[in-house]
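Position 61 of the sequence shown, counted from 1, bears residue number 61 in the UniProt record's numbering, the numbering being contiguous throughout. To start, the structure itself, in structure tokens.
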Amino acid sequence: MKDSPAKLEGLVRSLNLIPYLHSHRTATPMEIARDLGYSHTEVMRDLTRLSMSGVGSGPGELIDLVADWTGITVIDDQGLNKPLRLTPTEANALLLTLESLETMPGLVDQAAVVSAAAKLRTAVTGHGVDDSTPQEAPAGPITVLTDAIGRSLQLELTYYSASSGRTSTRTVSPAALFHRDGETYLRAYEAGATEPKNFRLDRIRHAALVSAPSEAPAGAGAIDSSDPFGFADRSRAALEIRREATWLADYWEIELDLDAGPGEWVPASMPYGSDDWLVRFCLSQGDRVRLVEPAELARNVVARAQSALDALS
1 MKDSPAKLEG
11 LVRSLNLIPY
21 LHSHRTATPM
31 EIARDLGYSH
41 TEVMRDLTRL
51 SMSGVGSGPG
61 ELIDLVADWT
71 GITVIDDQGL
81 NKPLRLTPTE
91 ANALLLTLES
101 LETMPGLVDQ
111 AAVVSAAAKL
121 RTAVTGHGVD
131 DSTPQEAPAG
141 PITVLTDAIG
151 RSLQLELTYY
161 SASSGRTSTR
171 TVSPAALFHR
181 DGETYLRAYE
191 AGATEPKNFR
201 LDRIRHAALV
211 SAPSEAPAGA
221 GAIDSSDPFG
231 FADRSRAALE
241 IRREATWLAD
251 YWEIELDLDA
261 GPGEWVPASM
271 PYGSDDWLVR
281 FCLSQGDRVR
291 LVEPAELARN
301 VVARAQSALD
311 ALS
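Spelled out as structure tokens, the structure:
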């Protein structure tokens, strides 16, 4: 039978008392409750659970302690007084994760990750062949972006917009870097804007610090990992996608209604940030996408497409 989350949480809370008790040998249950934010009844319950925990159920296999309201004495902690020793498999799995973080710019303290990975490589030497030491990549704009965020300074960006096909230079106040679907983005505010824009790192052609303080609002660096682009609160457009072009859903936040039937067009919906962006998106897809709602924007798409055709004739 699977243990309930509450039971597992209680066990973890109990085991966490061991390092605390080693560092606070004279602490009473009341002091533990105050320091850890529990009630004294919860602390005594956790200590009772701890006394019935161990590597087995036989003599010498349980954690041994004496607890009352005046203090706690740990007699046998079953080896929980020293760091956990990783097996070669566990160490290599952790090293693989660290090496993937080394290639993910702007999300972590790069120096700490590199240092931890180097120490782990040294520890596992002899258990395998080290053929994955990453090469140092050119600094590129990421160093400037990180510096601007850390020092709360504005940035001058030269940025290529894939939707408009133009490269422009703009001054922004950076808020945060985040990672989504294999790409790194800069969240920043343009002068006077109340809503942020997201700039894809590989489309930033150049970045330079500006000696003006950042105007990003307080708390702007908080990123919702489940919805980093804020699509949940945005308007949604009703579309029809040609069936052989449903692969578009792999590249944009498009929800397909595949249960609608076997017709040539598949009903779909997608969030959008601005009317102009939605119109440009639909025009760029040619006959793969038809905009249904908002109706006014759908008429705009038709009018602009017809205007382009008239210009060619």
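Positions of the beta carbon are idealized from the N, C-alpha and C atoms, including for glycine.
Open item on the list: At the level of alpha carbons, what is the spacing between Asp130 and Ala111?
Closed with: Note on Asp130: pLDDT 48, under 50, position unreliable in the model; no value is reported.
TODO: Quick one: residues in its chain with C-beta nearer than 7 Å to the C-beta of Val172, no 5 flanking neighbours on either side, listed in chain order?
DONE: Gln154, Leu155, Leu157, Ala188, Tyr189, Glu190
Open item on the list: Counting C-beta neighbours from all protein chains within 10 Å, is the total for residue 317 16 or more, i.e. buried, or is it exposed?
Closed with: Nothing in the structure corresponds to residue 317, since the chain is present only between 1 and 313.
TODO: Determine, using beta carbons only, whether Ala207 and Leu145 come nearer to each other than 7 Å.
DONE: yes
Open item on the list: Can you confirm whether the region 84-93 touches the region 29-49 when touching is taken to mean that 3 or more C-beta pairs between the two stretches lie within less than 8 Å?
Closed with: no
Open item on the list: Per DSSP, what are the beta-bridge partners of Arg180 in this structure?
Closed with: Glu183
Task: Residue span of the beta strand (DSSP E) that contains Asn300, given as start and end - done: From DSSP, Asn300 is part of no beta strand (DSSP E) but of the alpha helix (DSSP H) over 295-312.
Task: Three-state class that DSSP yields for Leu86 in the structure shown - done: coil
Task: For Ala245, the three-state DSSP class (helix, strand or coil) - done: helix
- [ ] Using the Cα positions of His127 and Ala118, report the straight-line distance between them to the nearest angstrom.
- [x] Only weak support is given to the placement of His127: the predicted model assigns it a pLDDT of 49, under 50, and the question is left unresolved by the model.
TODO: With a cut-off of 8 Å on the beta carbons, I'd call Leu309 and Ala298 a contact; round off their distance for me.
DONE: With a Cβ gap of about 17 Å, Leu309 and Ala298 do not count as contacting.
TODO: Kindly indicate the opening and closing residues of the alpha helix (DSSP H) around Arg280.
DONE: 275-284
Task: Sequence-distant residues of its chain with Cβ nearer than 7 Å to Pro138 (five each side left out) - done: Note that Pro138 has pLDDT 49, beneath the 50 cutoff, so the model's placement of it is unreliable and no number is given.
TODO: Could you give the DSSP three-state label for Val114: helix, strand or coil?
DONE: helix
Open item on the list: Measuring straight from C-alpha to C-alpha, what distance separates Arg234 and Arg242?
Closed with: 24 Å
Task: Inter-residue spacing [alpha-carbon to alpha-carbon] between Leu120 and Arg85 - done: 12 Å
TODO: Specify the secondary structure class of Asn92 as computed by DSSP and reduced to three states.
DONE: helix
Open item on the list: I'd like the span of the beta strand (DSSP E) that includes Pro59, first residue to last.
Closed with: Careful: Pro59 lies outside any beta strand (DSSP E) and carries neither H nor E.
Task: Assigned exposure category for Pro59 - 16 Cβ within 10 Å defines buried - done: exposed
TODO: Would you check if there are 3 or more beta carbon pairs closer than 8 Å linking the region 200-215 to the region 256-267?
DONE: no
Task: Option nearest Asp76 by Cα separation, candidates Thr87, Val55, Asn300 - done: Val55
Open item on the list: If you reduce the DSSP assignment to three classes, tell me which class Leu239 lands in.
Closed with: strand
TODO: Let me know the secondary structure DSSP gives Leu80 once reduced to three states.
DONE: coil
TODO: Report the rounded CA-to-CA distance for Arg280 versus Gly219, giving the unit in angstroms.
DONE: 32 Å
Open item on the list: Let me make sure I understand the geometry here. Which of Ile18, Tyr160, Lys197 has the alpha-carbon closest to that of Ser274?
Closed with: Lys197
Task: Reference Ile72, options Val289, Val301, Leu256, Tyr20, closest by Cα - done: Tyr20
Task: Straight-line gap, Leu101 to Gly165 (C-alpha atoms, nearest Å) - done: 32 Å
Open item on the list: I'd like to check one pair, Glu253 with Met270: are the Cβ atoms closer than 7 Å?
Closed with: yes
- [ ] Output the distance between the C-alpha atoms of Glu61 and His179, rounded to the nearest integer angstrom.
- [x] 45 Å
TODO: Reducing DSSP to helix, strand and coil, say where Ser23 ends up.
DONE: helix
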